[in-house]
Structures are given as C-alpha cells and as structure tokens.
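Here the structure is laid out as structure tokens; the discussion comes afterwards.
Residue numbers (my numbering): 4 to 342.
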C-alpha cells in the first residue's frame, strides 16, 4: 500500500499500528500489510475461526475458569499472536437475549400451530411461508427443527445448536502482528477496544469540530497538506481534552486505564456519575462539554484602543479581558501540557 508509506513519511511515524474499523481486517489486506516494514495491525477473529480453534483443541474453554485472558499461538496464524478473552458479563447478557428471542419465537410458532390444528391454515407452502416469517423475524431459524406437512406442523429446539452458540458467548480472540516487546496482551486488548476513540476521531473530522470536507484543493500535495493540518488540529484537540478532563463531563479517573482489567466492561467512576447527574463539578461550578468550554474561553478578547480625537497615527494600546476563575483554570491546565 503506497498510501501507508506516504502516511508514515508525511507524519514521521516509525511504527504504525492499525486497528481494524468495525473489528475485522480482511485476509487480503493482512497479506498486503505483511509486506510493509514498520506496520502492525490489530484485528479479531470471526466466530467461524473461533469455532475451528475450539474444535481442534487449540482453544480450551476451561482455561477461563480462573482468568479471563490468555495468549497463545497457532500454526494457521504464523508470526502472529492470539489473545483469547472471555467477558462474563457480556456472556450473561447474550444468553439472556438469546433466551428471550427463542421464547418469543416459540410463542409465535405456537400461534401458527394453533391455526394449523384448527384448520384455518392448510397447505405445506402456506404453512412454510407463515413459519418462515416467524423464525426469520428474530434470526433464530438455525436453532429450531421444523417439520411441515399439508395439514400438520411441529417444531422443537435444537439443543446442540443452542449449546454450541452459548459456548461462544462473551468470547472473542484478538489477532495481532505487534510483538510482545512492544505491546503486551492486556495492551493489545485495550488498543482493540480503543476503536471507539478512532471512530470518534473520524466523527470529529467530519462533523462540527474540524469539518475536513469539503476539500477545495485539486493537487495531490495540497490535499495531503490539508489532511496534515486537520490531523495536527485533532492532535491539539486531543491534548486539550485530556488536560481539561476535570472540567469536562469526561471521567477523570479513567486516565489510569492502564491498570484497569482490559476484558471487564469499563465502569464510570462515582465522581463521573455524580458530575453527569448534577451537571456540576465538585466545587459547585457548571461542568462543560468541549464545545461549551471553548465558548467560555472565547469571551477573552484583546481590544486595540486609541484615545478619542487623536491623530490616526497616534499611539495605540491594548486591553485584554481579565479571565474569570473557570477561564484561568482552563488556561493553567493548557500550560501544563508537556509533549
């Protein structure tokens, strides 16, 4: 990919790690990335590949009895690291959701069965059409055995199919080419989960903050310069958001995320929940979003003054608005940023 080399050269990036958008990188793209020096990637295995690992005995589910994360390798993925994770809360949630869908489908299938038994619905094609609408509504057709005749209809759950899907509840496998010397297993999972921040960055580029489009340039170098300036602007904004965590609705305690369990779902701290509920900081002043805090700071202006009835080229002087306490705090936090 020549675009990757150009990106690394333009931004001076020695090691570039790509996190898959929407969680997956196609194998064709992975083969191309392997040819690039200094480019790593993090993605996840699809459910079919995870089932294959379990079937071959390479991924043993009983290893999750005492831990929720472990790393292993497999010959089908040479030169790569696989990190298996099991989120028990997510597993319970998916099991509950699947049972609700199964029960709802059974309830609707029972209505179809009553219609067939009462003689109001006859014909294999008509019964099949009605049953198809029911089982496809909740996407659980694979979990039912259906027997349709001209004047009869029965249905039962596929216990083996349901158990096989339940075995994968809350289970996902991270796949990466980044060496362990650069990123341990826990950091691989954290970076994979940081995809939400990547998506937020794209929204920042496209929406009200930076508005990278429309691009009125036509020459390639000018387009790259435009993108480069937008990247720099977002880099500055990211540092400002991090410095202003205590003034914004952001969770200030999440800054210590390197010590948090990478598999367990993130929990907002008590102080962040209180800040979101009361919309105030601990000192009683209003909490801000990034946009409202910028509006607050925009009230600081520098006025250029000249004495009335004086010559046009007379001496001028400047008066800067004195910042209030919130503005002074924001400015001091900005001054503490170190790169």
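All C-beta atoms, glycine included, are put in the ideal place defined by N, C-alpha and C.
Open item on the list: Does the beta-carbon of residue 76, which I'm using as the reference point, lie nearer than 8 Å to any heavy atom of the ligand HEM?
Closed with: In the structure on display, the ligand HEM does not appear, and there are no ligands present to speak of.
Task: Residue ranges of each alpha helix (DSSP H) within the segment 170-228, 4 or longer - done: 188-196, 198-209
Task: Assigned exposure category for residue 265 - 16 Cβ within 10 Å defines buried - done: buried
- [ ] At 3 residues or longer, and completely inside the segment 59-144: list those beta strand (DSSP E) runs for me, N to C.
- [x] 72-75, 84-89
Task: Closest by C-alpha distance to residue 209, when choosing among 311, 92, 234 - done: When each option's Cα is compared against that of residue 209, the closest is 234.
Task: Touch test, the segment 98-105 against the segment 137-157, Cβ-Cβ under 8 Å, three pairs minimum - done: Contact between the segment 98-105 and the segment 137-157 is present, with at least three C-beta pairs closer than 8 Å.
TODO: Please report how far the alpha carbon of residue 140 lies from the alpha carbon of residue 156, in whole angstroms.
DONE: 19 Å
Task: Status (buried if at least 16 other CB within 10 Å, exposed otherwise) for residue 173 - done: buried
Open item on the list: Here's a check: name, in chain order, each residue in its chain whose Cβ is nearer than 7 Å to the Cβ of residue 279, leaving out the five neighbours to either side.
Closed with: 252
TODO: Use the C-beta contact count for residue 333: other C-beta atoms within 10 angstroms, 16 or more gives buried, fewer gives exposed.
DONE: buried
- [ ] With DSSP collapsed to three states, give me the class of residue 287.
- [x] coil
Open item on the list: To the nearest angstrom, how far is the alpha carbon of residue 76 from that of residue 85?
Closed with: 6 Å
- [ ] Tell me, please, whether the segment 42-61 touches the segment 221-237 by the rule of three or more beta-carbon pairs shorter than 8 Å.
- [x] With a cut-off of 8 Å, the segment 221-237 and the segment 42-61 do not count as touching, because too few Cβ pairs lie within range.
Task: Range covered by the beta strand (DSSP E) that runs through residue 45 - done: Taken as a continuous stretch (DSSP letters only), the beta strand (DSSP E) holding residue 45 covers 42-47.
Task: Residue(s) in a DSSP beta bridge with residue 160 - done: 147
TODO: Drop a sphere of 10 angstroms on the beta-carbon of residue 194, count the other beta-carbons inside from all chains shown, and report buried for 16 or more, exposed for fewer.
DONE: buried
Open item on the list: Going by beta-carbon coordinates alone, are residue 303 and residue 324 separated by less than 9 Å?
Closed with: yes
Task: residue 320: first and last residue of the uninterrupted alpha helix (DSSP H) it sits in - done: Boundaries for residue 320: no alpha helix (DSSP H) harbours it, while the beta strand (DSSP E) harbouring it runs 319-323, taken from the DSSP string.
Open item on the list: For residue 25 and residue 175, I'd like the C-alpha separation in whole angstroms.
Closed with: Note that residue 25 scores 46 on pLDDT, short of 50, meaning its location in the model is unreliable and no value can be drawn from it.
Task: Environment of residue 188 [buried if 16+ CB atoms lie within 10 Å] - done: buried
Task: residue 88 burial status per 10 Å Cβ neighbour count (16 or more: buried) - done: Buried: at least 16 other Cβ atoms inside 10 Å.
Open item on the list: With a threshold of 8 Å on Cβ separation, who are the neighbours of residue 150 within its own chain once the five nearest residues in sequence on each side are excluded?
Closed with: 156, 157, 158
TODO: Output yes or no for whether 9 Å exceeds the beta carbon distance between residue 152 and residue 122.
DONE: no
Open item on the list: On the DSSP letters alone, give me the boundaries of the alpha helix (DSSP H) that residue 331 sits inside.
Closed with: Secondary structure note for residue 331: its alpha helix (DSSP H) is the uninterrupted segment 328-338.
TODO: Since I believe residue 177 is in contact with residue 340 (beta carbons under 8 Å), could you give me their beta-carbon distance rounded to a whole number of angstroms?
DONE: No, residue 340 and residue 177 are not in contact; Cβ-Cβ is about 32 Å, not under 8 Å.
- [ ] Look at the alpha carbon of residue 129 and the alpha carbon of residue 29, and state the distance between them as a whole number of angstroms.
- [x] 41 Å
Open item on the list: I'd like to know whether the C-beta atoms of residue 93 and residue 268 end up nearer to each other than 9 Å.
Closed with: Result yes, Cβ atoms of residue 93 and residue 268 sit closer than 9 Å.
TODO: Reducing DSSP to helix, strand and coil, say where residue 341 ends up.
DONE: coil
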